[in-house]
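The numbering used here numbers the first residue of the sequence shown as 158 and each following residue consecutively. Take a look at the structure set out below.
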Amino acid sequence: MLAALPPVPPCELPLGALHRVDPAKHQQVIIARGRGKRSSRATVSRWQFRDGCWNKVEEVRARNGARGWHPKPWDWSYYSPIGTFGLTDAGGRRHKPRGTSLPYHHSRSGFQGPPGGEWVFDYVVAINFNRVPGRSPLDMKRPDPSIKDGGIWLHVAGRGATRGCISVSRQEMRKTLRWLDPAADPVIVMGPRGVLRK
């Protein structure tokens, strides 16, 4: 008689213990992993917890802050923050894509992109780094005064690195907005290789 096979270990996110995500609380995760601490290039992958396992939905190229990564960036530092943050609110210059479930704030005048690159804020998802969840991405209230930065978004890619946000293609932003489900309490885990260990 053949011996029983050992149980299949649970599928884990490629993050390591320091940035573990509890699937009992969060069933959707976006991982923004930089090439290095001083790099402005990254990958963004979307993960769904299903049938006891984390399943990768898609992975794409992305850009982050022009100076790389920092645990506590400050205004105009051009660093992207490191950590795990909620994704509760979205918006943009364009109307929400059909199938979007997150609360969505549409404003042609409020989401002003850089001159000649207004489209970068056609679609945004607010990253809950020093912001009040449940409010429009345009709300710049910063609840932690010890952190001198805020207004960090996932948005449409421009021509290069960002001031601290994460940017992906327009197509990927539309896919992400349709995919994110408030009932799954989605989060984004952000940082460079070496910090977000596989």
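Idealized CB from N, CA, C, for every residue including glycine.
Beta-carbon contacts of residue i that lie in its chain and below 8 Å, excluding the five residues immediately before and after
| i | result |
| --- | --- |
| Gly222 | Ser197, Pro230, Ser234, Tyr235, Tyr236, Ser237, Ala318, Thr319, Arg320, Gly321 and Cys322 |
| His183 | Phe206, Ala341, Asp342, Pro343 and Val344 |
| Cys168 | Gly209, Cys210, Trp211 and Asn212 |
| Leu172 | Val178, Ile188, Val346, Leu353, Arg354 and Lys355 |
| Ile239 | Trp226, His227, Pro228, Met347, Gly348, Pro349 and Val352 |
| Ala247 | Lys253, Thr257, Leu259, Pro260, Tyr261, His262, Tyr280, Val281, Val282, Ala283, Pro294, Leu334 and Leu337 |
Given residue i as reference, the closest of the options once Cα atoms are compared
| i | options | result |
| --- | --- | --- |
| Leu224 | Gly193, Arg250 and Asp246 | Note that residue 224 is Arg in the sequence shown here, rather than Leu. Comparing Cα positions, the closest option is Gly193. |
| Pro280 | Arg350, Val178, Thr333 and Ala189 | As written in the sequence, residue 280 is Tyr, which differs from the Pro given in the question. Measuring from the Cα of Tyr280, the nearest candidate turns out to be Thr333. |
| Ala181 | Trp211, Asp232, Glu216 and Arg195 | Trp211 |
| Ala219 | Ala247, Arg190, Asp208 and His176 | Arg190 |
| Val313 | Tyr261, Arg255, Phe278 and Met347 | Phe278 |
| Leu259 | Glu215, Gly291, Ser266 and Arg250 | Gly291 |
| Glu216 | Trp226, Ala199, Trp276 and Arg335 | Ala199 |
Three-state secondary structure (DSSP) of residue i
| i | result |
| --- | --- |
| His262 | strand |
| Leu170 | coil |
| Leu175 | helix |
| Leu337 | coil |
| Val325 | strand |
CB contact check: residue i to chain C, cutoff 8 Å
| i | result |
| --- | --- |
| Leu175 | Of the protein chains in this structure there is only one, and it is not chain C. |
Opposing strand residues paired with residue i [DSSP bridges]
| i | result |
| --- | --- |
| Val346 | Ile188 and Thr241 |
| Arg198 | Arg220 |
| His312 | Val281 and Ser324 |
Cβ-heavy atom distance, residue i to the ligand ATP, below 7 Å
| i | result |
| --- | --- |
| Arg255 | The ligand ATP is not among the ligands present in this structure, which contains no ligands whatsoever. |
Other residues of its chain near residue i: CB distance less than 7 Å, five sequence neighbours each side excluded
| i | result |
| --- | --- |
| His252 | His263 |
Which runs of the alpha helix (DSSP H) at least 4 residues long sit entirely within the stretch 201-257? Give them in chain order. none
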